[in-house]
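Peer 1:
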Amino acid sequence: MLILNGSPNKKGHSMTLAGEIFDVENANVLHLYDMEIASCDDCKACQHNIGCKFGDDWVKIYEALQNEDTLVLVSPIYFGALTDTLLRALNRFQQVFAAKFTHKIKTPNVKNLYLVATCGADNSVMFEGVDITMTILKQLLNAENMHAFTLTNTDAAVAVADETIAQFRKTVKKNAED
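Count the sequence shown with my numbering and you get residues 77 to 254, in order.
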């Protein structure tokens, strides 16, 4: 399992929720705020050549994806979007798109794609934009299963009910068994 933590806080609400759902201790966790990842500038280098013009830490994500069947994105929601650090990493998936559709080479596939996201506001609408991003990523990575585990109202320090965590875990277990 590869976990991409897009939160600047390694022990904040989002990673705490991820730890309640997944075995984070035994997962390959990449804390994106500790990595140097340039933003895609649509230079088209990956359309003409395999790879990217940037020689940065994104290659660690790509290499990790080669060996994992589960990808978990973890992020607080800021103004209806994933953190800029996670979005910067996701934008670099453009090179996966180019490798798959232009160069026709094998690209990473994941069986399970999950989002763990928290929002300070008590407003589930904040997650709607993220749903589109997840759908695009699901198609690109040929994911069989996709699910978003979301929690609102974290500014009020709302505790997650045990039955909610149990349902989240049940979903993960079912996808692992399929």
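Glycine included, C-beta positions come from ideal geometry on N, C-alpha and C.
These numbers were taken from a predicted model, which means no experiment stands behind them.
At a cut of 8 Å, does the segment 208–223 reach the segment 174–187 through at least three beta carbon pairs?
Peer 2: The answer is yes - the segment 174–187 touches the segment 208–223, with three or more Cβ pairs under 8 Å.
Peer 1: Using the three-state DSSP reduction, which class does alanine 232 fall into: helix, strand or coil?
Peer 2: helix
Peer 1: Among Gly156, Phe155, Val148, Cys128, which one has its Cα closest to the Cα of leucine 189?
Peer 2: It is Val148 whose Cα lies nearest to the Cα of leucine 189.
Peer 1: Can you name, in chain order, every residue of its own chain whose Cβ lies under 7 Å from the Cβ of serine 115, other than the five neighbours on each side?
Peer 2: Arg164, Asn167
Peer 1: Go ahead and pull the three-state DSSP assignment for isoleucine 79.
Peer 2: strand
Peer 1: Hey, out of Arg245, Asp238, Asn199, whose CA is closest to threonine 228's CA?
Peer 2: Asn199
Peer 1: What whole-angstrom Cβ distance do cysteine 195 and threonine 161 have, given they're in contact under 8 Å?
Peer 2: Between threonine 161 and cysteine 195 the Cβ distance is about 17 Å, and since that is not below 8 Å, they are no contact.
Peer 1: What is the DSSP secondary structure of alanine 224, counted as helix, strand or coil?
Peer 2: strand
Peer 1: Could you tell me whether the Cβ atoms of glycine 205 and glutamine 171 are closer together than 8 Å?
Peer 2: no
Peer 1: Does alanine 175 pass the burial test, meaning 16 or more other C-beta atoms within 10 Å, or should it be called exposed?
Peer 2: buried
Peer 1: Leaving out the 5 sequence neighbours to the left and right, which residues in its chain are closer than 6 Å to alanine 140 when beta-carbon positions are compared?
Peer 2: Only Leu78, Asn104 meet the Cβ criterion.
Peer 1: Taking the C-alpha atoms as reference points, what is the distance between histidine 89 and alanine 252?
Peer 2: Near 25 Å, if we compare the C-alpha coordinates of alanine 252 and histidine 89.
Peer 1: Assign threonine 146 to one of three DSSP states: helix, strand, or coil.
Peer 2: strand
Peer 1: DSSP three-state call for threonine 183: helix, strand or coil?
Peer 2: Correct three-state label for threonine 183: coil.
Peer 1: Residues in its own chain within less than 7 Å of cysteine 119 by CB, not counting five upstream and five downstream?
Peer 2: Lys129
Peer 1: Use the C-beta contact count for proline 84: other C-beta atoms within 10 angstroms, 16 or more gives buried, fewer gives exposed.
Peer 2: exposed
Peer 1: Out of Met91, Asp110, Tyr109, which one is the CA nearest neighbour of glutamate 101?
Peer 2: Met91
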